[in-house]
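Quick notes on the structure that follows.
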Amino acid sequence: MSRQLSSEELLTKWEKRRALQNLMVRFFSEDYLLRRENKMYDTYWSTAADVCLGVNQGYYQGADAVQRYYKGIEDRTRLESALIQKKYPDKLGTLSEDEVYGTGIMDMKSLVAPVIEIAADDATAKGIWTIHGMNTKLTPAGQVSYWERAYVAADFVWEDNQWKVWHLLYVQDLDAPSAYDWTETPDFAADPAYAALADFRFPEPNVKMTVYETYSANRPFYAPPAYPVPYETFAETFSYGL
Amino acid sequence: MAKQFFTDDELVERLWDYENVKQVMAKHFYCYAGDLRRQELTDLWVKLPQNRRFASLGVNTGFYTGMDDISNYYVVQLNELRYEQLKPYCDADPAIGLNKFNLGRGILNNNAAYSPLLYIAEDGKTARYMCYVQGVRAVGNPDGTADCRFMFGLVYADLLKEKGEWKIWHLIITNDHAIPAGKDYAEYPMWKDEFGTTGQNGPLLGHVDPNNSYTRDELGTPTVERTVYDPFFGWQYLYQDMPHPYYSFNPNYSYGPEGCMGMPYYERERRDY
């Protein structure tokens, strides 16, 4: 049972909680909105050997796999940017590969409804957020806007005087083109300028499994990941990793 | 330097009160999305008998009062609805059993709080909360189609501090817009018919469509039937119901049935305080 904390200790805990909230906003802003995929792993992830990143289709387990995930986003973004640049030479033709990086696509993900628990020993923390996303993806038919509803839940570890992501679970509940019923698959006409996208293969999780299914009319029920509850040490609570 | 009304220790406690109330309400949304309503009533709502007796859950058409009626509506009736929604899947595919393990097939229910407004009473015993919800909800059919809607509404709550823990005491979940996905908002009629069943603004009071799963889920038959929120009038009647700074809980401004929630100003003025 936790002892009663002094006001000073409660303030310190509050600051750590605030730091954790800021971390997650920066994490999602830099990765998806600000296109800093190449800095994500070094900036935000723990050096622990058992880091892992869960998505709907499985887990990227271990540092190499997590880095491969970010490299996949980076490679896809470079390809998308190059194709968009080629499509709009008057506007983008003079820009370098780095300057054009991320042009024409937008992933906006707002984090709401945080539930955060910091362990009594202050060594780890857990949190869950709901994501309301409005994403413009580049598809073989060109840019298509999607509605996204997702959950992100994470275990954090206190390293070098700051929080680092240890296990992260990012599962999409809804990922559907806007202006359509969420069970429809719109038949957009392909644009030859973006044909190369069809050949791109995103790195797959090294632990393949159905973690969560995006909505379809025949989907079994999926509840959100469990929200964290107060705990003393990480050994006595559940993990968002494998 | 501004006058300090609280000691440093009290201020730290209030700082955490704000965090903890927001956290309790966030947990409500995860339970709501996950059909974990029994867990919500057990873990997040008031526990002391004297508080459970006067707990309430408001919907557009009234209040469920006391934990038995709340549970019957919020948990049992939803469970029955989920069985009804599962049955077409079982009829279409005998491999899908009509049992609790398959409940929720084809259901999407994702809600979260936006723009929470929150005040802790100066006496530190209660809190008042309001937020807007931009939800998505879908009820599927075995043929692969679904009724997909954006569900909007305001959520209000009175919370009580019981033995140092914040608990939900009075909760109101209003249903505002229920917009079909993929439909042009501008082309969708404001009212299906002038005073018909459901329109862009959701169910109209007294004109509940029994075949509409959304309205059944949202409304039911409250213990105390009264207009809590009527989308016909929009939010103008709710202006006075926003949380404001306050000293201590006053039943007249409760988000329970004894309060004024949803009353036009002229009815509030008639009340004898």
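These protein sequence lines are chains A and B, in that order.
Numbers given in the working numbering equal positions in the first sequence, counted from 1, plus 998.
Numbers given in the working numbering equal positions in the second sequence, counted from 1, plus 311.
Glycine is no exception: its CB is placed at the ideal position from the N, C-alpha and C atoms.
Contact check, residue i vs residue j, beta carbons under 9 Å
i, j, result
"residue 422 of chain B", "residue 542 of chain B", "no"
"residue 567 of chain B", "residue 369 of chain B", "yes"
"residue 480 of chain B", "residue 559 of chain B", "no"
"residue 1212 of chain A", "residue 1160 of chain A", "no"
"residue 1130 of chain A", "residue 334 of chain B", "no"
"residue 1191 of chain A", "residue 1140 of chain A", "yes"
"residue 1061 of chain A", "residue 1047 of chain A", "yes"
"residue 1008 of chain A", "residue 323 of chain B", "yes"
"residue 1164 of chain A", "residue 1239 of chain A", "yes"
"residue 1121 of chain A", "residue 1145 of chain A", "no"
"residue 464 of chain B", "residue 485 of chain B", "yes"
"residue 533 of chain B", "residue 433 of chain B", "no"
"residue 452 of chain B", "residue 346 of chain B", "no"
"residue 352 of chain B", "residue 336 of chain B", "no"
"residue 1230 of chain A", "residue 1158 of chain A", "no"
"residue 1116 of chain A", "residue 1206 of chain A", "no"
"residue 1003 of chain A", "residue 1114 of chain A", "no"
For residue i, the first and last residue of its enclosing alpha helix (DSSP H)
i, result
"residue 581 of chain B", "576–581"
"residue 401 of chain B", "389–403"
"residue 439 of chain B", "Run containing residue 439 of chain B: none in the alpha helix (DSSP H); it sits in the beta strand (DSSP E), 437–451."
"residue 1153 of chain A", "First-last for residue 1153 of chain A: 1140–1157, but that is the beta strand (DSSP E), not the alpha helix (DSSP H)."
"residue 353 of chain B", "348–354"
Within-9 Å CB hit, residue i to chain A
i, result
"residue 524 of chain B", "Confidence in residue 524 of chain B is poor, its pLDDT being 43 and thus under 50, which makes the residue's placement too unreliable to answer from."
"residue 487 of chain B", "no"
"residue 456 of chain B", "yes"
"residue 416 of chain B", "yes"
"residue 447 of chain B", "yes"
"residue 323 of chain B", "yes"
"residue 573 of chain B", "no"
"residue 452 of chain B", "yes"
"residue 491 of chain B", "yes"
"residue 319 of chain B", "yes"
"residue 315 of chain B", "no"
"residue 477 of chain B", "no"
"residue 436 of chain B", "no"
"residue 429 of chain B", "no"
Residue-chain proximity (residue i, chain B), Cβ-Cβ < 9 Å
i, result
"residue 1213 of chain A", "yes"
"residue 1015 of chain A", "yes"
"residue 1111 of chain A", "yes"
"residue 1134 of chain A", "no"
"residue 1101 of chain A", "no"
"residue 1079 of chain A", "no"
"residue 1005 of chain A", "yes"
"residue 1161 of chain A", "no"
"residue 1236 of chain A", "no"
"residue 1012 of chain A", "yes"
"residue 1230 of chain A", "no"
"residue 1067 of chain A", "no"
"residue 1122 of chain A", "no"
"residue 1221 of chain A", "yes"
"residue 1240 of chain A", "no"
"residue 1071 of chain A", "no"
For residue j and residue i, the rounded distance between their alpha carbons
i, j, result
"residue 577 of chain B", "residue 562 of chain B", "19 Å"
"residue 319 of chain B", "residue 1005 of chain A", "8 Å"
"residue 327 of chain B", "residue 1148 of chain A", "27 Å"
"residue 569 of chain B", "residue 435 of chain B", "21 Å"
"residue 1138 of chain A", "residue 1090 of chain A", "20 Å"
"residue 1044 of chain A", "residue 1038 of chain A", "11 Å"
"residue 490 of chain B", "residue 447 of chain B", "9 Å"
"residue 331 of chain B", "residue 1228 of chain A", "12 Å"
"residue 1196 of chain A", "residue 1092 of chain A", "26 Å"
"residue 1107 of chain A", "residue 358 of chain B", "36 Å"
"residue 1077 of chain A", "residue 1026 of chain A", "21 Å"
"residue 408 of chain B", "residue 482 of chain B", "35 Å"
"residue 338 of chain B", "residue 1189 of chain A", "44 Å"
"residue 1217 of chain A", "residue 1052 of chain A", "19 Å"
"residue 1186 of chain A", "residue 1136 of chain A", "12 Å"
"residue 553 of chain B", "residue 469 of chain B", "12 Å"
"residue 354 of chain B", "residue 364 of chain B", "16 Å"
Extent of the continuous beta strand (DSSP E) to which residue i belongs
i, result
"residue 458 of chain B", "457–473"
"residue 1003 of chain A", "Run containing residue 1003 of chain A: none; DSSP gives neither H nor E here."
"residue 1050 of chain A", "1050–1053"
Cβ-heavy atom distance, residue i to the ligand SAM, below 8 Å
i, result
"residue 317 of chain B", "Although the ligand SAM was asked about, the structure shown includes no ligands whatsoever."
*Going along the chain, which residues of the region 384–413 of chain B sit with their C-beta nearer than 8 Å to a C-beta in chain A?*
Listed by position along the chain: 400, 413.
*Identify each residue in the region 361–372 of chain B for which the Cβ-Cβ distance to at least one residue of chain A is less than 9 Å, and report them in chain order.*
none
*asked:* Please list, in chain order, the residues of the region 1188–1218 of chain A that have any C-beta partner in chain B closer than 9 Å.
replied: 1213, 1214, 1215, 1216, 1217, 1218
*Using a Cβ-Cβ cut-off of less than 9 Å, list which residues of the region 1135–1156 of chain A approach chain B; keep chain order.*
1145, 1147, 1148, 1149
*Going along the region 1037–1067 of chain A in order, which residues come within less than 9 Å of chain B, judged by CB to CB distance?*
Within the region 1037–1067 of chain A, no residue has a Cβ that lies closer than 9 Å to any Cβ of chain B.
_Near-chain B residues of the region 1170–1185 of chain A (beta-carbon distance less than 8 Å), N- to C-terminal order_ = 1171, 1172, 1174, 1177, 1178, 1179, 1180, 1181, 1182
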